[in-house]
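See structure below.
In this note's numbering, the protein residues as written are 349 to 388.
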């Protein structure tokens, strides 16, 4: 039972990390386009 629980937590953690990276990438991309629009 404990092993299954650990595996589940690992999956949640990796999913959360992937979600965070996706959000950061989207924010960085949006900010980059905004700066490009302002200055160029």
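A virtual CB, placed ideally from N, CA and C, is assigned to each residue, including glycine.
The structure presented is a predicted model; accordingly, all values stated were derived computationally and were not measured.
Beta-carbon contacts of residue i that lie in its chain and below 6 Å, excluding the five residues immediately before and after
| i | result |
| --- | --- |
| residue 367 | none |
CA-to-CA distance, residue j to residue i, given in whole angstroms
| i | j | result |
| --- | --- | --- |
| residue 371 | residue 360 | 16 Å |
| residue 363 | residue 381 | 27 Å |
Close beta carbons around residue i, own chain, < 7 Å, minus the five adjacent residues each side
| i | result |
| --- | --- |
| residue 387 | none |
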